[in-house]
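Undergrad: In the numbering used here, the protein residues as written are 918 to 1372. Note that the Cβ used here is the ideal one computed from N, Cα and C, for glycine as well. Quick caveat: nothing in here was measured; it's all calculated off a predicted structure. Take a look at this one; I'll ask things after.
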Ligand code: C2O
Ligand code: CU
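See below:
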């Protein structure tokens, strides 16, 4: 059975593509429509901990080329430990992560620990240390100091290597306690045409086939009355996800649980974004992807089912926690660093403050400073702003502070939006700042923020 892809273009704007299954090799298919059974959802296998000490998580991550079967497509991809998504790393706040990268690719690579607060020499950006050459190895070692749902991926040929399947989740548990019956990892990605590179480029957010943990339209069996804690990651290079499911309580963004849960109609995850949500299962339920355009305006197409929860048995879930509102910090009313995002999808030239990486002016702040950043999106498309090394508090979006204090490392900035952020510079070094739509970053939308240590 092969899949053919039909991207439709409408008014110059790519809309939801459709996959048609060619069932001509199924006996009797010309009379009865063959229905492929839906796969059972499988979570990415956890990493094997090589160190018996409870406070140390020691893992091997071998990056190698892999022939992937994703959502019915055959893809020449890459994998960590032979799996896409890569192994899930689970640790507790205060643990030390030791990760041995083994590079079996035919290109250099690195690992970046997105959101986890690694020191700069462990951050996986190529200017801190040379990337690991083919056949080489490198050991990353750093303490996990903050709870959250983080992820890891290369930061060398980021656009190409992440697109082909090099990514995995890093879950760091810590206070506050969340009561749930099951923790479920859901990693989303969008994939391209069969037999070709898993290339989303040029489709600007309407990936062809969306998968959940590498599976297309899977089913998860759950007991009625169970409460699931969903760990969501959008690992796609360009595709925005607007997720909808009845009864979803969003309890956290990138950086762990804080404040009361939110109940948005759709949970928008930009590329690189994570969230945690509680789902009390009262019956069968579908997780849908609503039409969404990163260029703004109307989005066409019907909602697409990404995953179904199939309930059995009897039971009633416990009510979702109400949480306590944490007032956001007051905006100090000054700005230390301004980033304007500009660019054009016709030229592929993307700029921060008019500059394209690596020809950029390095903004400098001092260790210990409280830094206020203003991001202005002057372009006609959305951009997920990502700062390395420091999580930041959102002071306001278009002048409006969040309802409860919000800490993120990746924040979607809407068209012509202005967001104000604050963080305390606690880690010295040269930190990358970029858009997490990876072709935008590769097209120049990337700069450097220097945290100076005292002489
Ligand atoms: Cu997930 Cu610099 O990136
Ligand atoms: Cu961008």
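Answer yes or no: the CB of residue 1357 versus the heavy atoms of the ligand CU, is any distance below 7 Å?
TA: yes
Undergrad: Going by other Cβ atoms of all chains shown within 10 Å of its Cβ, with 16 needed for buried, is residue 952 buried or exposed?
TA: Taking all protein chains shown into account, residue 952 has fewer than 16 neighbouring C-beta atoms within 10 Å of its C-beta and is therefore exposed.
Undergrad: Per DSSP, what kind of secondary structure is residue 1234 in: helix, strand or coil?
TA: The DSSP-derived three-state label of residue 1234 is coil.
Undergrad: Would you call the CB atoms of residue 1131 and residue 1002 closer than 8 Å?
TA: Yes; because the gap between Cβ atoms is below 8 Å, this pair is in contact.
Undergrad: Distance, Cα to Cα, residue 1363 vs residue 1040?
TA: 16 Å
Undergrad: With a CB to CB cut of under 8 Å and the five nearest residues on each side skipped, what residues in its chain are close to residue 929?
TA: Bear in mind that a pLDDT of 25 at residue 929, under 50, signals an unreliable position, so the number given afterwards is only what the model happens to contain. No residues qualify anywhere along the chain.
Undergrad: Measure the C-alpha to C-alpha separation of residue 1011 and residue 1063 and round it to an integer number of angstroms.
TA: 8 Å
Undergrad: So for residue 1320, helix, strand or coil by DSSP?
TA: coil
Undergrad: Can you find at least 3 beta carbon pairs, one from the stretch 1133 to 1143 and one from the stretch 1154 to 1174, that sit closer than 8 Å?
TA: no
Undergrad: Does the Cβ-Cβ distance between residue 1102 and residue 1087 come in under 8 Å?
TA: no
Undergrad: Measuring only the C-alpha atoms, how far is residue 1359 from residue 1076?
TA: CA-CA distance, residue 1359 to residue 1076, rounds to 7 Å.
Undergrad: Between residue 1368 and residue 1344, how many whole angstroms is the CB-CB distance? I'm expecting something under 8 Å.
TA: Between residue 1344 and residue 1368 the Cβ distance is about 6 Å, and since that is below 8 Å, they are a contact.
Undergrad: Alpha carbon to alpha carbon, what distance is there between residue 1253 and residue 1035?
TA: 24 Å
Undergrad: Does the beta carbon of residue 1333 fall short of 7 Å from some heavy atom of the ligand CU?
TA: no
Undergrad: Can you tell me which of the three DSSP states residue 1078 falls into?
TA: helix
Undergrad: Under three-state DSSP, which class holds residue 1364?
TA: strand
Undergrad: Specify the secondary structure class of residue 1273 as computed by DSSP and reduced to three states.
TA: Residue 1273 falls in the coil class under three-state DSSP.
Undergrad: The ligand CU and residue 1349: does any heavy atom of the ligand fall closer than 7 Å to the residue's C-beta?
TA: no
Undergrad: Check whether the Cβ atoms of residue 1322 and residue 1244 sit closer than 8 Å, and answer yes or no.
TA: yes
Undergrad: Below 8 Å on the Cβ atoms is my contact criterion, and I expect residue 1019 with residue 1054 to pass it. Report the Cβ-Cβ distance as a whole number of Å.
TA: 5 Å
Undergrad: Is it buried or exposed, residue 1094, if we count other Cβ atoms within 10 angstroms and call 16 or more buried?
TA: exposed
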